[in-house]
Amino acid sequence: MTTNKRTIYLLNPRDYSPELIAVAFAKTSRSPLSFLTIAEELNAAASAQFHEKWVVGYGHASVAEHAVLHLALENVSRLAVETIESNRLASYTEKSTRYQKWDADSFYTPVEILESAFTGLYLKTVGMMFAAYNEVQAPVRSVIAGQYPQRRDETQEQWDRRIRSRYIDSCRFLLPAASLANVGMTINARMLEHALCKMLSHPLEEVRSIGEEIKRTALEEVPTLLKYTEASSYHCLVRNNLQRVPLPEKTEPEKMVQLLDFEKDAEEKVLAAALYEYSDVPFNSALLYIRSLEREDKAALVEKILRERGRHDAPPRSLEHASYMFEVVVDQGAYFELKRHRIMTQTPQPMTVNAGYAAPRLLSEAGVDDRYCQVMDQVAEVVETIASWNPEVAAYLIPNGFNRRVLMTLNLRELFHLCELRAAANAHYSVRRIAYRMVELVRQVHPLLAGYIRLPEGESWQTIERENLTNTGLQ
Ligand SMILES: Cc1cc2nc3c(=O)[nH]c(=O)nc-3n(C[C@H](O)[C@H](O)[C@H](O)COP(=O)(O)OP(=O)(O)OC[C@H]3O[C@@H](n4cnc5c(N)ncnc54)[C@H](O)[C@@H]3O)c2cc1C
2 MTTNKRTIYL LNPRDYSPEL IAVAFAKTSR SPLSFLTIAE ELNAAASAQF
52 HEKWVVGYGH ASVAEHAVLH LALENVSRLA VETIESNRLA SYTEKSTRYQ
102 KWDADSFYTP VEILESAFTG LYLKTVGMMF AAYNEVQAPV RSVIAGQYPQ
152 RRDETQEQWD RRIRSRYIDS CRFLLPAASL ANVGMTINAR MLEHALCKML
202 SHPLEEVRSI GEEIKRTALE EVPTLLKYTE ASSYHCLVRN NLQRVPLPEK
252 TEPEKMVQLL DFEKDAEEKV LAAALYEYSD VPFNSALLYI RSLEREDKAA
302 LVEKILRERG RHDAPPRSLE HASYMFEVVV DQGAYFELKR HRIMTQTPQP
352 MTVNAGYAAP RLLSEAGVDD RYCQVMDQVA EVVETIASWN PEVAAYLIPN
402 GFNRRVLMTL NLRELFHLCE LRAAANAHYS VRRIAYRMVE LVRQVHPLLA
452 GYIRLPEGES WQTIERENLT NTGLQ
């Protein structure tokens, strides 16, 4: 007998497998029974049969979103982490280059290198970077220790924890992409299929073999939903087709951040969308009304929408109707943080040494800037040599300090979130300057709405850059 009483409960993953939970939810579409009754009537074989028919056979793929996995990945290179974390609808936490130090042997040596004539050169170059990374820590730490002395009530360990990110933030510029990291990933089976397809089609052996291992491991929990996942020849074909297209060389000096594209009247559209949500007129009527307003009336409306937003309140969704395309040229360490903002669309270029490298001011204050530049210049030469044989493999050697170009398209709501989080005083200086500059550029075109993005007062991207970098590497 069915009842109309509201009931809310967990289908506990300790009692039911992810595939069974997914079927129990999917069946509510046709069955009047409670989820619990449906789940109790199911078993592994019936769940597999359901998924074969509906998810695999008829393409009702959203059912697979109810099967969620927590995957623990240990000792994967930071280069591989890029592909692992390139999925929008998944959650990640990884080993931090700001709060942890790397041991000298904590790096990956790719199979491609081991089977080439470059093994010795690769190991020597990685060894040089780790030696420098470890060597510069003591002098850089002493500069910071002078600025933030130990408190009387603080142990040595507590003091180091308090100041660690301040000196490690600058030492991390020397860490290569081969550095090993741990990543925790929470992902549903639908997204995991897509992620695995990318991994299995990847040019790097490490990424392909991580994909195989994830698939093997995940199949223990979701035997049907991932059974048919394999590499995509289409992915490989597109890569091959586009890699050889000759493009003109760069013609003008590059900027750290450029606002490439935006809709001029996006501010009016956002305001019209905000009113639309609470009205019963067509969108064009709301837009006509907004266009008829004087600037101060528009400003008053923006104030009504954004002024009372609390620290933990997201701005209204209507802000998503304005979007911006940026090109950012930033050190790899900072890019690694920016890429975690999944909601925006990102197109990073492959890692090379062609866009120069940034130099932290702290290294110069500690008297180790010459050592830093010497290592970076030597690495650049080695990378170029190995890249002429295999550019993807050469990327393992590129340290965090080298710049990377990335195209980013994001809406105004995500811009609020990203810039407020990344401009905060505790964020890395390299990302802070990007956040400030992005806001500055959007305020020039859409001052009413972007004026409400909250940044710490008294700073600018120029002051942050000047205080923290002696060179950005950009010409
Ligand atoms: C001080 C600080 C320290 C950090 N330390 C580490 C660290 O040690 N290791 C590490 O791996 N990362 C670290 N991060 C990165 C952080 O965990 C986020 O991954 C990153 O800042 C991206 O932010 P986001 O997830 O809020 O943003 P976006 O991906 O841009 O998402 C925007 C918003 O969409 C919503 N959203 C997006 N996806 C989901 C989802 N799956 N579920 C629910 N809501 C979602 C949230 O509201 C989110 O704020 C740190 C960040 C900060 C600020």
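Here the sequence shown is numbered in our numbering, starting from 2 and rising by one per residue. Ideal placement from N, C-alpha and C gives every residue a C-beta, glycine not left out.
I465 sits in a helix when the DSSP states are folded into three classes. The Cβ atoms of L398 and V77 lie no closer than 8 Å to each other.
The C-alpha of A23 is placed about 11 Å away from the C-alpha of L43. L70 is a Cβ neighbour of P19, given a cutoff of 8 Å. Residue state for V354 is assigned as coil, using DSSP reduced to three classes. Contact check for P457 against A436 fails: the beta carbons are separated by 8 Å or more.
Per DSSP, Y10 has no beta bridge partner at all. Every alpha helix (DSSP H) of 4 residues or more that sits fully in the segment 127-204 is shown, in chain order, as 157-172, 190-201. In this structure, the C-beta of T84 stays at least 7 Å away from each heavy atom of ligand 1. Assignment of S293 by DSSP, reduced to helix, strand and coil, places it in the helix class. Contact check for A25 against A40 passes: the beta carbons are separated by less than 8 Å. Between the alpha carbons of T252 and Y17 lies a distance of about 60 Å. If you look at Q375, you'll find it in the alpha helix (DSSP H) that goes 370-388.
A direct Cα-to-Cα measurement between L261 and N5 gives close to 55 Å. For L74, the pairing in a beta bridge is given by DSSP as V184. For F263, the enclosing beta strand (DSSP E) has its first and last residue at 258-263. Taking C-beta atoms under 8 Å as the contact rule, V271 and L419 fail to qualify, at a distance of about 17 Å. Contact between the segment 89-107 and the segment 127-138 is present: three or more C-beta pairs spanning the two stretches fall below 8 Å. Only residues of its own chain outside the window of five on either side were considered, and among them L72 have a CB closer than 8 Å to the CB of T218, listed in chain order.
Using a 10 angstroms sphere on the CB of Y336, the tally of other CB atoms reaches 16 or more, which defines it as buried. The continuous beta strand (DSSP E) containing L408 extends over residues 404-412. The three-state reading of DSSP puts D106 in coil, since its state is none of H, G, I, E or B. In this chain, the beta strand (DSSP E) harbouring M326 covers 324-332.
P361 is a Cβ neighbour of L470, given a cutoff of 8 Å. Using a 10 angstroms sphere on the CB of P400, the tally of other CB atoms reaches 16 or more, which defines it as buried. R434 is positioned such that its CB atom lies closer than 8 Å to that of I465. By DSSP's assignment, L450 forms no beta bridge with any residue. Here the C-alpha atom of A27 lies approximately 25 Å from the C-alpha atom of E231.
The beta-bridge partner set that DSSP reports for Y93 consists of M186. Proximity of the beta carbon of R343 to ligand 1 is indicated: a heavy atom of the ligand is located closer than 7 Å.
Residue burial is scored here from C-beta neighbours: T98 has at least 16 other C-beta atoms within 10 angstroms and is therefore classed as buried. Take the alpha-carbon of Q50 and the one of T110: they are about 42 Å apart. In this model, S143 and S117 are separated by some 41 Å (Cα to Cα).
Distances from the alpha-carbon of V57 to those of L12, L227, E213, G459 put L227 closest. By the Cβ neighbour-count rule, Q476 is exposed, with fewer than 16 other Cβ atoms within 10 Å of its own. DSSP places A49 within a helical segment (H, G or I) once states are collapsed to three.
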